[in-house]
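Visitor: All letters in the sequence shown, in the order written, are residues -36 to -1, 1 to 608 by mature numbering (1 follows the signal peptide of the UniProt record, and there is no 0).
The beta-carbon is built from N, C-alpha and C at its ideal position, and this holds for glycine as well.
Bear in mind that the values here come from a model prediction, so they are computed numbers and not experimental data.
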Amino acid sequence: MPPDFLSRKQVHSMAITRSAVFATLWLLLLVSPAAAAPPSQPDLLIARARSMGLASERNWHILLHYKKTYGGGFRSRISDPNFFLSPQGRENPEAELEATIAGFFLPRTGDGEHPICRFPARLQWLKDRLGISPGDLPETACTEQKELLQTVDARSAVLVFPVGHINSPASMFGHTLLRFDGPTKSNLISFAVNYAADANDKNGLLYAYKGLCGKYKGYYSLMPYYLKVKEYGDLEHRDMWEYRLRLSQEEVDRMLLHTLELERISSQYFFLDENCSFNLLFLIEAARPTLHLSDRTGLWVLPTDTIELARENGIVDEAVYRPSQGARIVKMASLLDAEGQKAALKLAQGKSEPSEAARAGASVQQQREVLDLAAEMVQLRYARKELEKDDFNKLYLKILAQRSRMGKGEDDLYTVAPPPPPDAGHGTVKLGAGGGVRRNEWFGELRLQPAFHDMLDPDQGYIRGAQIKFLDTALRYAPEHDRLWLKSLHLLDIASTSPRDRFFTPLSWKAAAGWDTEAMKDGGDSLIFRVNTGGGFAARSPFGGILHALGEVDLNAGRRFAGNVAAGPGVSLGALEQLTDWWKLQLKGEAFYYLLGDERVAVKGTVAQNFRLTRNDSVNLELSYQEVEGHSVREATLLWNRYF
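#1: Would you kindly check if the distance between the Cβ of residue 607 and the Cβ of residue 390 is under 8 Å?
#2: Could you pull the start and end residues of the alpha helix (DSSP H) that residue 431 belongs to?
#3: Classify residue 131 as helix, strand or coil using the three-state DSSP reduction.
#4: For residue 581, list the residues DSSP reports as bridge partners.
#5: I'd like to know whether the C-beta atoms of residue 609 and residue 218 end up nearer to each other than 8 Å.
#6: Alpha carbon to alpha carbon, how far is residue 66 from residue 84?
#7: Is it buried or exposed for residue 153, if we count other Cβ within 10 angstroms and need 16 for buried?
#8: Straight-line CA distance for residue 234 to residue 185?
#9: To which residues of the same chain is residue 130 closer than 6 Å at the C-beta, ignoring the five residues directly before and after it?
#10: To test your reading of the DSSP string, which unbroken alpha helix (DSSP H) runs of 4 or more residues are found completely within the segment 334 to 385?
#11: Quick check on DSSP: helix, strand or coil for residue 119?
#12: To the nearest angstrom, how far is the alpha carbon of residue 417 from that of residue 227?
#13: Under DSSP, the alpha helix (DSSP H) around residue 243 begins and ends at which residues?
#14: Suppose you measure from the CA of residue -5 to the CA of residue 276; what does that come to, to the nearest Å?
#15: Consult DSSP for residue 398 and reduce its assignment to one of helix, strand or coil.
#16: Determine which residues share a DSSP beta bridge with residue 39 and list them.
#17: Are the Cβ atoms of residue 458 and residue 475 separated by less than 8 Å?
#18: What is the DSSP secondary structure of residue -27, reduced to helix, strand or coil?
#19: Hey, could you find the ends of the beta strand (DSSP E) residue 216 is sitting in?
#20: Give, in chain order, every unbroken run of the alpha helix (DSSP H) that is at least 4 residues long and sits entirely within the segment 57 to 129.
#21: Short check: CB of residue 514 to CB of residue 532, under 8 Å?
#22: Using beta-carbon positions only, say whether residue 466 and residue 305 come within less than 8 Å of one another.
#23: If you measure between the beta carbons of residue 286 and residue 197, is that distance less than 8 Å?
#24: I need the boundaries of the alpha helix (DSSP H) containing residue 13, first residue and last residue.
#25: Suppose contacts are defined by Cβ-Cβ distances below 8 Å. Is residue 539 in contact with residue 519 by that definition?
#26: If you check the beta carbons only, do residue 387 and residue 272 fall under 8 Å apart?
#27: Roughly how many angstroms lie between the CA atoms of residue 433 and residue 395, to the nearest whole one?
#28: Which same chain residues end up closer than 7 Å to residue 42 when comparing Cβ atoms and leaving out the 5 residues on each side of it in sequence?
#29: Should residue 114 go down as buried or exposed, given a rule of 16 or more other Cβ atoms within 10 Å for buried?
#30: With DSSP as the reference, label residue 265 as helix, strand or coil.
#31: Would you tell me roughly how many angstroms separate the C-alpha atoms of residue 120 and residue 112, rounded to the nearest one?
#32: To the nearest angstrom, how far is the alpha carbon of residue 604 from that of residue 580?
#33: Is there contact here, the segment 305 to 319 with the segment 355 to 371, by at least three beta-carbon pairs under 8 Å?
#34: Suppose the cutoff is 6 Å on Cβ atoms and the five residues either side in sequence are ignored; what does the same chain contact list for residue 69 look like?
#35: With 16 other CB atoms within 10 Å as the buried threshold, where does residue 331 fall?
#36: In whole angstroms, what is the alpha-carbon distance linking residue 180 and residue 243?
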């Protein structure tokens, strides 16, 4: 038998051996995934991100709104789980980064639902840092996002500050929002990004509790700017200040992309810190990550603080003033006498015909002014929904038709002179030091007003006639008797004296709660807890100031009273006058008749003055005389104030 001849048995044996070898190799491939295929692109990118330490970079922390915790870790200020792709994303920057990279390579989903559509700012940043090209990513449909980017067509950004609403406690601080301007000249068709609480509670106490304790959800929203102008300027009579941000086109693009990520995403809203002002700082930081605006805030953040931080960092231009419709109406009314104002009001109410405007004034110019004021008031009535659309059109067009017959009037006749801008106002924290004499006893006084504005503080940048203070505390020390005592600690002290006229009829009101050292009917002083509230009316004085009259109720609690409680009605009258740019005068008289727990009559008169030295320095001089059941108390106080 030839040596190369193999028997059938040998051939069969060799076939079995080859099969065993192939089977062994196949099993080795199955149990060795690394050998089965090269690492996926997401895995390579995640490994590269780890080696670069991207999860610890500030840009990433800004996009996720991470802040350091007391334990040394991180936690996002956004609580909505829809903002995170990792279950641990709120507390773990690295886990969220890796989940985001992996998410960008997921298979195609519904239009607008893919992470590529949901997080465009994250995507842009990771593209730049990891060198991801568009061809590396799966095809996705983000139709709504693309259309919105084309519609907004952002070329620049503006920080907008609507001033406080004097008759709304929640709005007395003012508000901040951002506006994206496109290539057109009219910014009314621009888009604004707003952050606000979803709060509809009518009960004031419940509203305050939820707002202070973070029980409301806050949302970012992108909307046409003219809607905010209508809301603030027309309906609420709030002047608006606009500060253009010094940002490049690339920075504006980053801000807009991050805004799109935040739409319909909720977070806890706190009135005093995590509010509109604080949360808008993240958008500005997203545009320019080298800024550290949100890291420089204090225990509470007010809208004026946003402007102050932006100004200190040199990223805002000079303010542009947009007067409210209320300010325009007041200006127009000031040009007419009483008869002209009445005629304009009758026209706006549809109680007279436009042709009758000729009887309101002796000159053509006065007739123009009557018709112009009436037209403005008709627009206001429609905005307030006092008129149906058809009734508005009929009345408004009738007035305009008569006005067109009068010809063009004087240019700039109704221009409202800009008041000092918000960033010209004093700081929101006040420290006062000084002393005085009470009952012929000298004392030193230290006063701390953590926020926000006292009625007597300089008005520049603030609303005249409005007051809102938290935790206002005064300590006194009498060296002659080595005695230290608490003069006052006001948890909350709010007052609104809004002048009424023919066109606007707001109510004035006040509310305060806290401790005061007050004179009792035996002539001695005692520390009591007081809740005081009242309402009434205010009017403009002949000198341009504010006069007010309020009916009040005063509730006291303390050990000097029968049953530890005293209560009674009262009345207060006052005048607030800005005598010069630096000199402010307040006159006040009040009388209370306590019927419950402590029968006594207390009458007090006060003359207080504030002398503005610099933007953040002033001096207060206050003289008062009080009569309580035949006991008289005279007091004089002089304080130097420093605002921060």
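Guide: To lay it out plainly:
#1: As a working mapping, residue 390 is identified with position 426 in the sequence shown. As a working mapping, residue 607 is identified with position 643 in the sequence shown. For residue 390 and residue 607, yes; Cβs fall inside 8 Å.
#2: As a position in the sequence shown, residue 431 is number 467, starting the count at 1. Per DSSP, residue 431 is not a residue of any alpha helix (DSSP H); the beta strand (DSSP E) it occupies stretches across 430 to 442.
#3: Taking the first residue of the sequence shown as position 1, residue 131 is located at position 167. Coil, per DSSP.
#4: By 1-based counting over the sequence shown, the position of residue 581 is 617. The bridge partners DSSP lists for residue 581 are 578, 606.
#5: An answer regarding residue 609 cannot be provided, because it is not within the stretch -36 to 608 covered by the chain.
#6: One-based indexing of the sequence shown puts residue 66 at position 102. One-based indexing of the sequence shown puts residue 84 at position 120. Cα to Cα, residue 66 sits roughly 15 Å from residue 84.
#7: Start at 1 with the first residue of the sequence shown, and residue 153 comes out as number 189. Around the Cβ of residue 153, a 10 Å sphere holds fewer than 16 other Cβ atoms; the residue is exposed.
#8: For the purposes of this step, residue 234 is taken as residue 270 along the sequence shown, with counting starting at 1. For the purposes of this step, residue 185 is taken as residue 221 along the sequence shown, with counting starting at 1. Rounded to the nearest whole angstrom, the CA to CA distance from residue 234 to residue 185 is 17 Å.
#9: By one-based count along the sequence shown, residue 130 stands at place 166. Result list for residue 130: 427, 430, 460, 462, in chain order.
#10: Note on the segment 334 to 385: whole alpha helix (DSSP H) runs with a minimum of 4 residues are 353 to 368, in chain order.
#11: Taking the sequence shown and counting its residues from 1, the one referred to as residue 119 is at position 155. Three-state DSSP puts residue 119 in coil, outside helix and strand.
#12: Within the sequence shown, the letter at position 453 stands for residue 417. Within the sequence shown, the letter at position 263 stands for residue 227. One C-alpha to the other measures close to 33 Å.
#13: Taking the first residue of the sequence shown as 1, we reach residue 243 at position 279. Annotation: the continuous alpha helix (DSSP H) that includes residue 243 extends over 240 to 251.
#14: To locate residue -5, count along the sequence shown from 1; it is residue 32. To locate residue 276, count along the sequence shown from 1; it is residue 312. Legend: pLDDT at residue -5 = 41, less than 50; position of this residue unreliable, no value from coordinates given.
#15: In the sequence shown, residue 398 corresponds to position 434, counting from 1. The DSSP-derived three-state label of residue 398 is strand.
#16: Your numbering for residue 39 matches position 75 in the sequence shown. Residue 39 pairs with 31.
#17: Reading the sequence shown from its first residue, position 494 is the one you call residue 458. Reading the sequence shown from its first residue, position 511 is the one you call residue 475. Against a cut-off of 8 Å, the Cβ pair of residue 475 and residue 458 comes out as a contact.
#18: Counted from its first residue, the sequence shown places residue -27 at position 10. Since pLDDT at residue -27 reaches only 38, below the 50 mark, its modelled position is unreliable, and the value read off the structure follows with that caveat. The answer is helix: DSSP assigns residue -27 an H, G or I state.
#19: Here residue 216 refers to the residue found at position 252 of the sequence shown. Residue range 213 to 226 is occupied by the alpha helix (DSSP H) that includes residue 216, with no beta strand (DSSP E) assigned at that position.
#20: List check, alpha helix (DSSP H) in window: 57 to 67, 79 to 82, 84 to 94, 107 to 116.
#21: For this step, residue 514 is matched to residue 550 along the sequence shown. For this step, residue 532 is matched to residue 568 along the sequence shown. Cβ atoms of residue 514 and residue 532: not closer than 8 Å.
#22: Sequence index remark: in the sequence shown, residue 466 carries index 502 (1-based). Sequence index remark: in the sequence shown, residue 305 carries index 341 (1-based). Their beta carbons are under 8 Å apart, which means residue 466 touches residue 305 by this criterion.
#23: In the sequence shown, residue 286 corresponds to position 322, counting from 1. In the sequence shown, residue 197 corresponds to position 233, counting from 1. With respect to the 8 Å criterion, residue 286 and residue 197 are classified as neighbours on the basis of their beta carbons.
#24: As a working mapping, residue 13 is identified with position 49 in the sequence shown. Segment 5 to 16, the alpha helix (DSSP H) holding residue 13.
#25: For the purposes of this step, residue 539 is identified with residue 575 of the sequence shown, where counting begins at 1. For the purposes of this step, residue 519 is identified with residue 555 of the sequence shown, where counting begins at 1. With respect to residue 519, residue 539 sits apart: the two C-beta atoms are not nearer than 8 Å.
#26: One-based indexing of the sequence shown puts residue 387 at position 423. One-based indexing of the sequence shown puts residue 272 at position 308. Yes. Within cutoff.
#27: Position 469 of the sequence shown, counted from the start, is the residue given in the question as residue 433. Position 431 of the sequence shown, counted from the start, is the residue given in the question as residue 395. Rounded to the nearest angstrom, the two C-alpha atoms are 13 Å apart.
#28: Residue numbering aside, residue 42 sits at position 78 when the sequence shown is read from its first letter. Spatial neighbours of residue 42 in its own chain (CB-CB distance under 7 Å, excluding positions within 5 residues in sequence) are listed in chain order as 29, 229, 231.
#29: Mapped onto the sequence shown, residue 114 falls at position 150. Counting the other Cβ atoms within 10 Å of the Cβ of residue 114 gives fewer than 16, which makes it exposed.
#30: Against the sequence shown, residue 265 aligns to sequence position 301. Looking at residue 265 - three-state DSSP - the assignment turns out to be coil, as it is neither helix nor strand.
#31: Here residue 120 refers to the residue found at position 156 when the sequence shown is read from its first residue. Here residue 112 refers to the residue found at position 148 when the sequence shown is read from its first residue. Spanning the two alpha carbons is a distance of roughly 16 Å.
#32: What you label residue 604 is simply residue 640 of the sequence shown in a count that begins at 1. What you label residue 580 is simply residue 616 of the sequence shown in a count that begins at 1. Approximately 11 Å between the Cα atoms of the pair.
#33: With the rule of 3 Cβ pairs closer than 8 Å, the segment 305 to 319 counts as touching the segment 355 to 371.
#34: Taking the sequence shown and counting its residues from 1, one reaches residue 69 at position 105. Excluding positions up to five away in sequence, the list reads 6.
#35: Numbered from its first residue, the sequence shown carries residue 331 at position 367. Buried, because 16 or more other Cβ atoms sit within 10 Å of the Cβ of residue 331.
#36: Residue numbering aside, residue 180 sits at position 216 when the sequence shown is read from its first letter. Residue numbering aside, residue 243 sits at position 279 when the sequence shown is read from its first letter. Roughly 15 Å between the two C-alpha positions.
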